[in-house]
Structure formats: structure tokens, C-alpha cells
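Residue numbers (my numbering), protein chains in the order written: chain A, 238 to 431; chain B, 238 to 431; chain C, 238 to 431; chain D, 238 to 431.
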DNA sequence: GATGAATGAGAGTTCATTCAT
DNA sequence: AATGAATGAACTCTCATTCAT
């Protein structure tokens, strides 16, 4: 039923990022988004099924771009170690450059009933998949410890990066996020122990 | 204004954990909680200021217990390495034993407007503090790499554990959570590289 | 924010007069008015900001018509004495012909917090102004006693008429109100003394 | 059921005058009055049947005193003209000396559903009676015009005084109220005409 | 008599969504 | 496709009143 293409689709999406980031998901009215996008309230429902659908679509569009961009970057890397380093950097850098998106991703998106959310978890799965592939490659090529459980490792990596971003968003961003990619990588790759 | 002690305070809190875990924060009506607790709707407002206050108080009570229990455990450990291992294990084990609390902490709690939430971040700070102290101790005693930035390390550790728990909660818990403490510790302490 | 024009605006206003007069302001539910007006509950809030706003708007619309009609009548009078007579008669006659409005004006309107009510006092001021102008004219043309304080005189006149109406409304109207205009005028113009 | 005597009865009444005058009837909570009176919430219900009953009792006590005092004053007057003059003065002076009571009488009392209020109209009737008796006496003794309808005259007199007081209360009392008794009497007794 | 914790009915208002134009 | 007026379900919170102690 939802159209999901066209100029107005984009205006609404851009308006939504802005307004969600400013007021938060629950405090945002659909009419606020419509006004910011310069369309009528009803028009929003030509392009989206619901208010929640806007937020989810937002995330999907972002993830699609993110995953594509990440793939390109990874393809240019020589080995798994480089790839992991690149992945961390790309994640942090992308969100640093788009603070509204970062706010929506780290805070607003989590206000949606997680119980069902196919719409959120599916696009994430693609990213998770990529992380796991990097790990597997690292094991196959003898860079990473072979006894590591891939799935657990992925959770640790993603959780670490995600928390670093969340901290940054909540702290109102007084420091560079992408500068943290090196220490995060170092921690994850070499660990704490001497 | 809110009373915050007494038998009914506890009944309401226990009822809220159960109901929030079952239906989710937004789908829960205050009257649902009141009914489960066996009190009148109005009684809830003698002990709590608002529906949101219930959720936050829930978290605060849980964190207080958690932090206390963790402190006891850490005090019994010989060195920082052990402490870190214990911390990870305690975090996973505690939530595994209280799946309702885990659900509320990992999913429902994040549906509250993060923008203001002193009530959520303050108790977390205490936990963050403890993690950072373990790291510092590890550095002082020569177990952990001294060049590591303590704050970043804390985010990596907490993020990793938190993501492991979230995954478990969302997966409907078909596997043991506490069994993951060993691999998570191994990853964080030794890293990926061979 | 409130629209304040259109067909439905009027339906709601008319419904409100009827229902307020029948049940009283506090016992009337917004949904009662909506049903009587044949609109949805929410529609009321497109045209009015609040339940109180309906009552105040009601009064404002009535006063606007009242003041306009009165002006026309006064313009047709030859002198101040005639004007005062006409004013009293017009006031009593108007409310006698609109018993629902009379009830709302004399009883329900006064149940609103007087502390703030700009919305009530402003329209009244216009009427007070007209009364005072009649008095001044009477003094200028040598009909009325020149030493009389205009403001006090206005209060006496308005208070007298208002009380006569209130008595009539509370007595459930078993007698003609407009028939009292002659004796009221006589009392106010000539006084008690022989 | 209500006790209506005793030390606490009085404390509650005095507290109520103060709080009603300050916050208005509807914005006052029974617990506010109880706190001000230094008693428990439940105690209020030993002495009064309801919140409305407090307000009405307040008025009744005031009117009883008022009517008694007025009677004493009138008894000391030589003739009906003097009595009318005294009555107006006494009314204005009494409320001027008790501004909290004035506020409650002129504004808060009218927020009660007038439709039924026996409790308000009965005490008023006594006062109305007294006014009418003064008028009759004036007619009998040849001071007042005999053709005047007593009831209408009473409404005109009471309405005039009442409006003068209401204006004063709403204006936040920047002028002397009792000073107006002379001009009001002059207007009512001699009228407007030259 | 006095207390105050507990009750629970009650309604104004919001806003996502629809649909006639 | 676009509009925006209209809909009506949904729900938190207040507070007068009660009653066991």
C-alpha cells in the first residue's frame, strides 16, 4: 500500500530524521513531520503505513546505504585485520558525520516495541552477517583465534561499537567519535591482558 | 511526594516487572499493574509519581541490589583479572536468573525518553564506576595494558556484555546466558588476534 | 489554534447552550455536547481549545450580538432618559426571549474561575462602557444629576438589572421578566424617596 | 451526621476561608484545608458532610453573624431612610473589613451548582426579608413611594450593592468600599433624574 | 474522636489514521 | 496523487470520600 518512492517520500524521510532527532519519537506528531516536509498530513500515509513505519523505513534506508558503503570499503582491504579495523572506523565515522541519524538510531529507534520488529532486525542482520564474515575470514586466514565462537565475537564487537556511539550521542558529542576507532580496535583485537 | 516504602510499594514493583515484561511498557496500563498488585489504581500514585516513575524505580531498585551483590563478589576476588571475569559472569548470571527483569532492562527501559533520564543514568554510573575501577586496578597491578583508555575500555566491556544479553532476550533465550561469560571474558581479555 | 468559524462551530455552540442550561457546566461532559451537536468528541477540539473555552466563546458571541443590537436600539432614542429606559428593557427582553442563554449567563458562567477571566470581563466591559456613556450623556444634556459618579452609577444600574434577571432565572421564570423593565427604570431614575 | 460545633469545627472553617480565598473553590483540595487547619483529612468529614458543605456552612455562619449585626444596627435607627442608609453602609463595611470572606462570597460561592442550593438561598432569604421590611416600613411611614413593588425594589437594592462589592473584589480593592455607601444610597434613594 | 492510607469513579484531551473531495 | 477536516479510541491521573485502627 505504501508507495516508498518519489520526491515526497524523500522529503518526508528527511523531515522525520530532523524532527525525531529534535523532539524524540513519542513527542513527535505525524503532523509535525508533514509540516516540516511541506505536505498534508494525509500525504504521509500515501508513502508510509504508519508513524512507526516512518521510523523503521528511516532505519532501513540508512542501513542499506551503510551496508553498501561498508561493503565497498571492505572490498578494498587486504586482510581480515584491516577489514575489522575499517569496519569499526566506518561505523563510527558514518554516525559522527550524521548526528541526527545517530540520535535516531541509538535512542529513538529503541523506543519501538522490540518484540516484533522484523523491520529493525532484518536490516541489522545484514550488518551482523558482514561482521561475522570478517571474523570467519580472519580465522580462515590465520589472523584470528580459531577457537572463538563467531556469533559471540560478533556480539562483542557490535556491542562495543554500539555502546561507544550511544555514549557519544548521550554526552551531546563534545569529542570526536571516529578518533575512538583506533583504541576500540586495539581493545577488541588485542584485549586487556598484557 | 511518592512514598517509596512499605509492603504495597513492593507489590506494585513486583507486579510491574511481571506486566511490563509480558506486555511491554507502552502497552501496559497503570490499571493492569494495579490489578496484578491487588491495589486500587489510585494507590499506585501514593507510591509512585507516574507510570514512568514505576519503570525507573524498578531499574533503580534492581541496580542497587545488583551493584551491592557485585561489590561483595568482587571483594572476594584476588586480582583484577579475576574481578573482570567475575563481573562479566555476575552480570550475565544475574539477568539469566531473572528473565523478567532482563526483559525490562534490555528492552522496555530503553523506550523511555532518554533525553532527560537522570533516573536511569545515575544508577548506571555506579556500575560504570565499578567497571572502571577494576580496569584501573588491573593496570596498577600490571595485569592490564597500561596504555588503554579506561573510559573507552569500560564502554567496550559494558557494550559487549549488554549486547550479549540483549541478543539473548530477543532470541527468547534458547541457550544459557551465563555459559557465555567465559568466551566473552576470553575475547575481551585476549582479543581476536593470535 | 481553535478554528472558531464554520457550520460545525455553530452546531457545537448551539448544542453547548442547550446542554449547559439543562445540566449545568460541571455536570456536562464534552462528549454530551459533541453528541448533541452531531460531531465526534475530537471535533470539538478543532473549534475550541477546551471545555471552558466553549463556555467563554458562548458568552462572547452572545455579548457581541447583544451589544450590537443594543447600539441599534439606543441610536433610535431621542434622549438619555429614553436610552436608559430602552437599555433596561432591551437587557431584560433579550434574556427573557432566550432562557437557555439566560441560565448560562446568570448561573453557569459564574462557575468559571473568575481570577483569570479576561475572556468574560472584556466583552462585559463593552457593555459597561455603553451604560456609562448613556449616563454621561444624561448628565451633559441636563437630564441626570451631574454630581453622580458615573462608574458607581453604572454598577448600581447593572447590578440592579443583573439581580432581577438572576432572581427570574432561579425562580424558574413564572412571571414576565420584560414587564419589570418599567418598575426597574422607575426605581433607578426616580429613587425611593417621595 | 456532621458535628458542626467545637474547636476543630472553627479551625476548619477559618482555614477554609483563607484557602478558598487564596486558591479558589475548585482549585482547593480538602487536604489543603485540613493541613491549614492542622487536622487529618478524615477529621474534616466529622464536622462537614462534603467539600461543598464547608463552603455553604461558611456562608451560613457569615450570614448569621451578618444578619444579627445588621439587626442591631437597624434597631438603633430612627426611620426607614436612615435604616436603608445604614443597611447599605453595613453591607459594604462588613465585607471591606473581611476581604477573604468577601472574595469567597462574591466569587467562590457562585461556583456551586445554583440549581439546588437551598443552603445558599435560605440564609440569603433572611437578609432579603430584612431589606423588604425596611422598604415596607418606609412606605408605611410615608418616606418611600407607596407604588413601588417591594420585591422588585429589594432586588434593585441588593443587586446594586452586590455589584459594587463584586467590582471591588475583582479590582483587587485599590479603593475604599465603605466610602461608596453614601453615593450608592443617594442613587438608590433619589435616582438619576434631576 | 481522630487519623491518614486506601479507594476507584470519572472525564478531558490527544493524535494517528481515514476518506470524501 | 494530494488534501486536511473529521474521527473516536485510548488512558493517565486526581481527589473527594471512606473506614479500619
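Where is the CB? At the ideal position from N, CA and C, for every residue including glycine.
The structure presented is a predicted model; accordingly, all values stated were derived computationally and were not measured.
Under the three-state reduction of DSSP output, residue 285/B falls in the coil class, being neither helix nor strand. Listed in chain order, the positions of the segment 282-310 of chain C with a beta carbon within less than 7 Å of a beta carbon of chain D would be empty, since no residue qualifies.
At a C-beta separation below 9 Å, residue 397/B has these neighbours in chain A: 392, 393, 394, 395, 396, 397, 400 and 425. Residue-level contact check: residue 270/C does not touch chain D, since none of the beta carbons of chain D fall below 8 Å from its beta carbon. Annotation note: the segment 352-420 of chain A contains the following uninterrupted alpha helix (DSSP H) runs of length 4 or greater, listed N- to C-terminal: 355-377 and 387-407. The residues 307 and 310, in chain order, have a CB closer than 6 Å to that of residue 327/C in the same chain once the five nearest residues on each side in sequence are set aside. In this structure, DSSP gives residue 344/A a state outside helix and strand, which the three-state scheme calls coil. Excluding the 5 residues flanking it on each side, residue 398/C has same chain C-beta neighbours closer than 8 Å at 325, 328, 329 and 421, in chain order. For residue 271/A, the uninterrupted alpha helix (DSSP H) run begins and ends at 267-274, by DSSP. When the beta-carbon positions are compared, residue 264/C and residue 347/D stay at least 8 Å from each other. When Cβ-Cβ separations below 8 Å define contact, residue 418/D makes no contact with chain C. Annotation: residue 263/C is outside any alpha helix (DSSP H) and is labelled neither H nor E by DSSP. In the DSSP assignment, residue 317/A falls within the unbroken alpha helix (DSSP H) covering 317-334. Remark: three or more beta-carbon pairs, one from each stretch, lie closer than 8 Å, so the segment 332-352 of chain D and the segment 401-410 of chain D are flagged as touching. At least one beta carbon of chain B lies nearer than 8 Å to the beta carbon of residue 404/A.
For the 8 Å CB-CB criterion, residue 417/A and residue 401/A form a contact.
Its Cα nearest to that of residue 276/D, the residue 252/D stands out among 242/D, 252/D, 429/D and 383/D.
A Cβ of chain B is located within less than 8 Å of the beta carbon of residue 381/A. Taking 8 Å as the threshold, the shortest C-beta distance from residue 338/C to chain D does not fall below it. Each of 283/D, 377/D, 279/D and 269/D was checked against the Cα of residue 242/D, and the nearest Cα belongs to 283/D.
Distance between residue 413/C and residue 387/D, taken at the CA atoms: about 17 Å. Between residue 273/D and residue 255/D, the gap from beta carbon to beta carbon is short of 8 Å. Its Cα nearest to that of residue 293/D, the residue 360/D stands out among 360/D, 423/D and 281/D.
For residue 421/B, the neighbours in chain A by C-beta distance under 7 Å run, in chain order, 389 and 393. Residue 257/B has a beta carbon lying at 8 Å or more from every beta carbon in chain A. Under the 8 Å criterion on CB atoms, residue 350/D is classed as interfacial with respect to chain C.
Interface annotation, residue 368/D: not in contact with chain C, CB-CB separation never under 8 Å.
Distance from the Cα of residue 358/B is smallest, within the candidate group 269/B, 289/B, 424/B and 296/B, for 296/B. Selection 385/A, 304/A and 258/A evaluated against residue 423/B yields 385/A as nearest (Cα-Cα). The Cβ atoms of residue 428/B and residue 427/A lie closer than 8 Å to each other. Apart from the 5 residues on each side of it in sequence, residue 240/B sits with its Cβ closer than 7 Å to the Cβ of 246, 283 and 284 in its chain, given in chain order. Spanning the alpha carbons of residue 315/D and residue 380/D requires a straight line of approximately 12 Å. Under a criterion of Cβ atoms nearer than 8 Å, the residues of chain D adjacent to residue 407/C are, in order, 351 and 358. By the 16-neighbour rule on beta-carbons within 10 angstroms, residue 301/D is exposed.
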